[in-house]
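Trainee: All letters in the sequence shown, in the order written, are residues 1 to 321 by our numbering. Positions of the beta carbon are idealized from the N, C-alpha and C atoms, including for glycine.
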Amino acid sequence: MNFSNQTDKYRNQAGMLANKVKNRFQHLRKRYQKLNLDIFRLYDWDIPEIRAVVDWYGGSLVVGEYSRQQSTPEWLPLMGESVARALNVPMENLYLKIRKAGIREGLRYERINHTNEKIVLSERDLKFYINLNDYVDTGLFSDHRDTRMMVKEKVSGKQFLNLYCYTGAFTCYAARGGASLTVSVDRSETAVNWARENLELNGLSDPKHILIQEDTLDFLSNPGPRYRDFDVAVVDPPSYSTTRVKNVHFDIAADHPKMLNDVFKLMKKGGTVFFSTNHQSFELKAEELSVTNLQEITTRTIPEDYQSKRKLIHRCWEITV
1 MNFSNQTDKY RNQAGMLANK VKNRFQHLRK RYQKLNLDIF RLYDWDIPEI RAVVDWYGGS
61 LVVGEYSRQQ STPEWLPLMG ESVARALNVP MENLYLKIRK AGIREGLRYE RINHTNEKIV
121 LSERDLKFYI NLNDYVDTGL FSDHRDTRMM VKEKVSGKQF LNLYCYTGAF TCYAARGGAS
181 LTVSVDRSET AVNWARENLE LNGLSDPKHI LIQEDTLDFL SNPGPRYRDF DVAVVDPPSY
241 STTRVKNVHF DIAADHPKML NDVFKLMKKG GTVFFSTNHQ SFELKAEELS VTNLQEITTR
301 TIPEDYQSKR KLIHRCWEIT V
């Protein structure tokens, strides 16, 4: 394809994407405003040849490209500018991200910038610090907003464990829901500090909300007597990781049974574990788990703006111990 034909093709795609996003925005905006949702998805690879993802962040846009070998550097800026113009978003409020799949997804947790700039956006009755510049991900996985509500409704007066807690959104929901204790674990110092800031932002700082910077697998191998008898837990690991202390490689497809069985040991009898993954070809090895009361609740946990014919943004199980 010569340069002129390619440019015409890209402009045509940009126009199609802008129209699709504008229609979706008009469909969702007022309803989500009433729900106090500042963050929602507008497009996720809905048109096969337009490998983009578009998210609204309270007046800013994050436009990503699912990269592949054939990706060219001019494609993503053209898509982003077209979408921003369609929604009257100033170019300084447009953020472009390259998204990589597979084992390379580990790269998504690395810094791509060093601005340390955060804005405050709302999700229902809570607020969260969002960083649109410095990482591929922004600090809040909005596809789990309904799962967070399930947790909030279950935890009043109960003990809550949040593994791979990231920036502590589930913890904030549990704290707001009246949990008597929360314990949140993540290997990243940045994430743990961010979780602390989110608790402070919502007036939820309290010694009963404990934050631990440690690799989750290391924590599970030696939790100590203090961290047991939890009523509700959330386990939402990355698809691939490597522990820092013991250099153990973790692949969720192969290694989830041992991890979950270790979580079950920390739960009260009758406790609930919410287990989620965004691994696209994941199969739960239920026969290797030490519990039998499992229910897949994926469809109940995916909000309208994340529903897609192409893929499931995540899968989720509610497990009774």
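Which of the three DSSP states is assigned to residue 106 in this structure?
Mentor: Residue placement at residue 106 is flagged as unreliable, the pLDDT there being 48, under the threshold of 50; a coordinate-derived value is accordingly withheld.
Trainee: Kindly indicate which three-state DSSP category residue 173 falls into: helix, strand or coil?
Mentor: helix
Trainee: Kindly indicate which three-state DSSP category residue 111 falls into: helix, strand or coil?
Mentor: coil
Trainee: Buried or exposed: which applies to residue 142, given that a residue is buried once 16 or more other Cβ atoms fall within 10 Å of its Cβ?
Mentor: buried
Trainee: For residue 144 and residue 60, which I take to be in contact (beta-carbon distance under 8 Å), what is that distance rounded to the nearest angstrom?
Mentor: With 8 Å as the limit, residue 144 and residue 60 do not qualify as a contact, their Cβ atoms being about 21 Å apart.
Trainee: Helix, strand or coil for residue 9? Go by DSSP, reduced to three states.
Mentor: DSSP, reduced to helix, strand and coil, places residue 9 within a helical segment of the structure shown.
Trainee: Over the uninterrupted beta strand (DSSP E) stretch that includes residue 271, give me the two end residues.
Mentor: 267-277
Trainee: Taking DSSP's pairing of strands, which residues face residue 97 in a bridge?
Mentor: Paired residues: 64.
Trainee: May I ask you to report which of helix, strand or coil DSSP gives residue 199?
Mentor: helix
Trainee: How would you write the range of the beta strand (DSSP E) that residue 122 sits in, first residue to last?
Mentor: For residue 122, the uninterrupted beta strand (DSSP E) segment begins and ends at 119-123.
Trainee: How many angstroms separate the CA atom of residue 321 from the CA atom of residue 288?
Mentor: 14 Å
Trainee: Under a Cβ-count criterion, where at least 16 other Cβ atoms within 10 Å of its own Cβ denotes burial, should residue 35 be classed as buried or exposed?
Mentor: exposed
Trainee: Determine the burial state of residue 138: buried for a count of at least 16 other Cβ atoms within 10 Å of its Cβ, exposed for fewer.
Mentor: buried
Trainee: Name the DSSP bridge partner or partners of residue 181?
Mentor: 159
Trainee: Would you mind giving the Cβ-Cβ distance between residue 39 and residue 58, rounded to the nearest angstrom? I have them listed as a contact below 8 Å.
Mentor: The Cβ separation is near 7 Å, so the contact holds.
Trainee: Residues in its own chain within less than 6 Å of residue 76 by CB, not counting five upstream and five downstream?
Mentor: The beta carbon of residue 76 is closer than 6 Å to those of 65 and 96 in its chain, skipping five residues each way along the sequence.
Trainee: Tell me whether residue 309 counts as near the ligand NAD, meaning its Cβ is closer than 7 Å to at least one heavy atom of that ligand.
Mentor: What this structure holds is no ligand at all, so the ligand NAD is not there to describe.
Trainee: If we call anything under 8 Å between Cβ atoms a contact, is residue 216 one with residue 195?
Mentor: In this structure, residue 195 does not lie closer than 8 Å to residue 216 by Cβ.
Trainee: Measure the beta-carbon distance from residue 129 to residue 197 and round it to whole angstroms, keeping in mind my assumption that it falls under 8 Å.
Mentor: 6 Å
Trainee: Who are the Cβ neighbours of residue 267 in its own chain at under 6 Å, not counting the five residues just before and after it?
Mentor: The residues are 230 and 321.
Trainee: Just verifying my parser: in three-state terms, what is the DSSP assignment at residue 134?
Mentor: coil
Trainee: Could you give the C-beta distance for residue 183 and residue 201, rounded to a whole number, given that I count them as a contact under 8 Å?
Mentor: At roughly 20 Å, the Cβ-Cβ gap does not stay under 8 Å, so residue 183 and residue 201 are not in contact.
Trainee: State the Cα-Cα distance for the pair residue 113 and residue 131, rounded to the nearest angstrom.
Mentor: Rounded to the nearest whole angstrom, the C-alpha separation of residue 113 and residue 131 is 10 Å.
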